[in-house]
Amino acid sequence: MEIGNNKSVRRDSNNTLYSQLEEIIRDEIDSGKINPGQAIPSERELSKIYGLSRMTVRHALNRLVSAGLLTRVSGKGTYVSAPKINFRALTLEGLREQTYQMGKDFSSTLINFEKILAEGSIVQNLKVLQDTPIYKIERLFHVDNVPISMHKSYIPCELAPGLMDHDLTNESLYTFLREKYDIVMNRANETLETILASPGEMLLLDVPSGAPIFLLRITMFDQKDRPIEYVKVLFRGDIVQLSLVI
0 MEIGNNKSVR RDSNNTLYSQ LEEIIRDEID SGKINPGQAI PSERELSKIY
50 GLSRMTVRHA LNRLVSAGLL TRVSGKGTYV SAPKINFRAL TLEGLREQTY
100 QMGKDFSSTL INFEKILAEG SIVQNLKVLQ DTPIYKIERL FHVDNVPISM
150 HKSYIPCELA PGLMDHDLTN ESLYTFLREK YDIVMNRANE TLETILASPG
200 EMLLLDVPSG APIFLLRITM FDQKDRPIEY VKVLFRGDIV QLSLVI
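Take the sequence shown: its letters are residues 0 to 245, numbered as in numbering that gives the first Met the number 0.
Okay, structure coming up:
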């Protein structure tokens, strides 16, 4: 397979050689000339095709891997990644429901469920007093058995007494809050940024150091306009795409 048959890198261009090669490969992927799961030429082959050093080629490929467009398979080669999973942010519809609408399998793993005392950003976002008892719920979400996001939820204990007695592994938290406590999520405040994940988070999400991670912070309000939940969601940027509709 050849890439960019009619394209070449220009040494007199203002763009770096590696960025030109990166753009050529991006164009081939975007146009559908190379498909998900298809192998691309090796570093050695790309070096010969474009007259570039192996180091330059490797730099271009590393950037595409970090962007989630390419995937390296040890001992086999480099392949075009599967399309990213598109989730809608700025919506009250949970990831579980959106995943089912895509026809994909969804599962979650409960990492930690405990009571803590409110401080810092929890106090600020939930509008509670310092040291107010708070549920802290940490879960790992999977789509088609691949970890895609890690959720850290904070809920005032007084709003959902006995919540720790319930198994949240296979049921939507919002569904349970609605049916058990008559808490209906009505609106949300959200902020989105990119971060570097901690070593523990990288291990759980199965991503290498330096991989792109989205941090979505959400404060959920119910039908009485009470702040019910403050949640921090870490998304894998290599396989997740977030859509924002304004």
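Glycine included, each C-beta is placed from N, C-alpha and C at the ideal position.
Source: prediction; values computed, not measured.
Practice item. Check whether the Cβ atoms of K114 and C156 lie closer than 8 angstroms to each other. Key: yes
Practice item. Reducing DSSP to helix, strand and coil, say where I48 ends up. Key: helix
Check your understanding: Name the DSSP beta bridge partners of F175, please?
Key -> Paired residues: none, contrary to the question.
Review point. Using the beta-carbon count (16 or more within 10 Å), is I194 buried or exposed?
Key: exposed
Exercise for review: Can you give me the start and stop residues for the alpha helix (DSSP H) that A59 sits inside?
Suggested key: Segment 53-65, the alpha helix (DSSP H) holding A59.
Practice item. Within the same chain, show all residues whose beta-carbon is closer than 7 angstroms to that of L109, passing over the 5 residues directly before and after it, in chain order. Key: R138, L167, T168
Review point. CB-CB under 7 angstroms to E200, same chain, minus the five flanking residues each way: which ones, in chain order?
Key: M149, L233
Practice item. Just confirm the distance between the C-beta atoms of F79 and Q37, as a whole number of angstroms; I'd bet it's less than 8 angstroms. Key: The sequence as given places Val at residue 79; Phe does not occur at that position. Confirmed, Cβ separation roughly 5 angstroms.
**Study point:** Three-state secondary structure (DSSP) of L91
**Key:** Unreliable placement is indicated for L91, whose pLDDT of 43 sits below 50; the coordinate value is still reported in the next sentence. Annotated three-state conformation of L91 is coil, per DSSP.
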